[in-house]
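For what it's worth, the working numbering labels the leading residue of the sequence shown as 66, then goes sequentially.
Think of the CB as a built atom: it goes at the ideal place given N, C-alpha and C, for glycine as much as any other residue.
Notes follow once the structure below has been shown.
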Amino acid sequence: CPTARQLLLQKGCRDFLPMPPRHIDTFAQLRPYMRNSDSLSELQLYMEDLYTKLDVPRSQAFFNTLQEACLFIDEANMITREVRPEDRVHFEVEFVWDIYRARMEDVLMV
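Set out below in structure tokens:
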């Protein structure tokens, strides 16, 4: 049972993230949803390239997962800067795909 100072997130952090519309026609429509995260902002060029290669359902699912991962990365970076500023540690989200394949099948997020 959480104490008075603990925040219990039963559904994860998804409730705290701005939700993009279900039907997005262009990557430009996603840009406003990338501004609230330093990590996500850093990935805009990569995400734009990837967005053109995925079908709509997969690109939206990937963006939602990336958005949540970046929230955790931003939090980890804030904690690290506060607790160990002298180490200058910085976490980032990376994703990898085979650029030579015409059809996108797998995208690995690290």
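Limits of the unbroken alpha helix (DSSP H) element including residue i
| i | result |
| --- | --- |
| MET143 | 121-148 |
| ASP103 | 103-107 |
Three-way DSSP call (helix, strand, coil) for residue i in this model
| i | result |
| --- | --- |
| PHE160 | strand |
| ASP90 | coil |
| LEU95 | coil |
Neighbour-count burial assignment, residue i, 16 or more Cβ in a 10 Å radius
| i | result |
| --- | --- |
| ILE144 | exposed |
| VAL158 | buried |
| GLN94 | exposed |
| PHE128 | buried |
Beta-carbon separation (whole angstroms), residue i vs residue j, contact threshold 8 Å
| i | j | result |
| --- | --- | --- |
| LEU57 | TRP162 | What is shown of the chain runs 66 to 175, which leaves residue 57 out entirely. |
Alpha-carbon to alpha-carbon, residue j and residue i
| i | j | result |
| --- | --- | --- |
| TYR111 | LEU136 | 17 Å |
Min CB distance residue i to chain B below 8 Å
| i | result |
| --- | --- |
| ASN129 | Among the protein chains of the structure shown there is no chain B, as only one such chain exists. |
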